[in-house]
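Residue numbers (our numbering): 13 to 225.
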């Protein structure tokens with residue numbers, strides 16, 4: 013104890029820290045003080061410890077979200093709301109082209125025009141250029157083969173068109189067989205070039221007037 017209380021305590025403490033050798037009594041004192049100091053700093057820093065956790069009044073109930081989730085639109089309701097305008101639009105196009113459009117149908121939010129093969133160029137040109145249409149892009153051209161039908165591809169040479177201006181899509185269907193050609197849509201949509209070549213390779217539908225078929 014005289015070593016601790018003596019005038020040379022600070023000097024010996026500094027010497028022990030420098031040399032890395034501390035007296036046993038000083039080590040014992042430090043062992044008692046370190047946990048106390050740590051708990052004090054933990055409380056100040058907000059670090060949870062056993063006493064703080066046991067004395068907490070927090071519950072296990074989930075906290076309320078900081079925001080309200082947006083209410084989405086039911087796709088079925090959206091489709092139903094589109095049926096009536098599409099019927100009116102289909103009727104409008106049919107009225108404009110009574111000579112070329114045989115009929116139209118609306119399923120959910122899809123408008124389909126049914127035409128004869130000889131009507132492909134006039135109908136596609138109208139849909140591309142008319143101010144109420146503006147279907148400037150052909151998304152794809154495809155076909156479906158029904159071997160048991162008289163017209164193997166009856167109503168299944170399909171043109172899918174997109175109007176960016178009106179944010180609308182439309183589908184045009186016509187028919188063909190192994191001997192009946194369909195006029196090429198390349199003069200109207202240059203993008204139809206590759207699509208028609210694919211339909212020819214896969215289904216054997218011949219597109220009359222195609223530049224490279």
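Glycine is no exception: its CB is placed at the ideal position from the N, C-alpha and C atoms. Since the model is a prediction, treat every value here as computed from it, not as a measurement.
Run the CB neighbour count on residue i, radius 10 Å, all protein chains shown included, and call it buried at 16 or more, exposed below.
i	result
residue 169	buried
residue 79	Its pLDDT being 44, under 50, residue 79 is placed unreliably in this model, and the coordinates cannot settle the point.
residue 75	Note that residue 75 scores a pLDDT of 47, beneath 50, so its modelled location is shaky; the value from the coordinates is reported in the next line. Under this definition residue 75 is an exposed residue.
residue 223	exposed
residue 204	buried
residue 96	exposed
residue 45	exposed
residue 197	buried
residue 47	exposed
residue 5	Absent from the model: residue 5. The displayed extent of the chain is 13 to 225, so no value can be given.
residue 119	exposed
residue 41	exposed
Could you check which residue in the options has the C-alpha nearest to that of residue i?
i	options	result
residue 111	198, 202 and 132	132
residue 176	206, 119, 147 and 107	147
residue 221	117, 113 and 130	130
residue 191	218, 149 and 174	218
residue 174	149, 206 and 43	149
In angstroms with no decimal places, state the Cα-to-Cα distance between residue i and residue j.
i	j	result
residue 160	residue 189	11 Å
residue 126	residue 214	22 Å
residue 144	residue 185	20 Å
residue 209	residue 225	6 Å
residue 109	residue 181	18 Å
residue 158	residue 211	14 Å
residue 141	residue 102	16 Å
residue 227	residue 152	Here the chain covers residues 13 to 225 and nothing more, so residue 227 does not appear.
residue 121	residue 99	10 Å
residue 183	residue 128	14 Å
residue 193	residue 105	25 Å
residue 135	residue 107	12 Å
residue 113	residue 200	18 Å
residue 216	residue 123	27 Å
Mapping the DSSP letters down to three states, classify residue i as helix, strand or coil.
i	result
residue 172	strand
residue 138	helix
residue 152	strand
residue 119	strand
residue 77	Residue confidence is low: residue 77 scores 47 on pLDDT, short of 50, so the model does not pin down where it sits. Its coordinate-derived value is still stated next. Correct three-state label for residue 77: coil.
residue 181	strand
residue 186	strand
residue 126	strand
residue 221	coil
residue 4	Limits of the chain in this structure are 13 at one end and 225 at the other, which puts residue 4 out of reach.
residue 144	coil
For residue i, decide whether its Cβ has a neighbour in chain D, counting only Cβ atoms nearer than 9 Å.
i	result
residue 217	The chain labelled as chain D is not found in the depicted structure, where only one protein chain is given.
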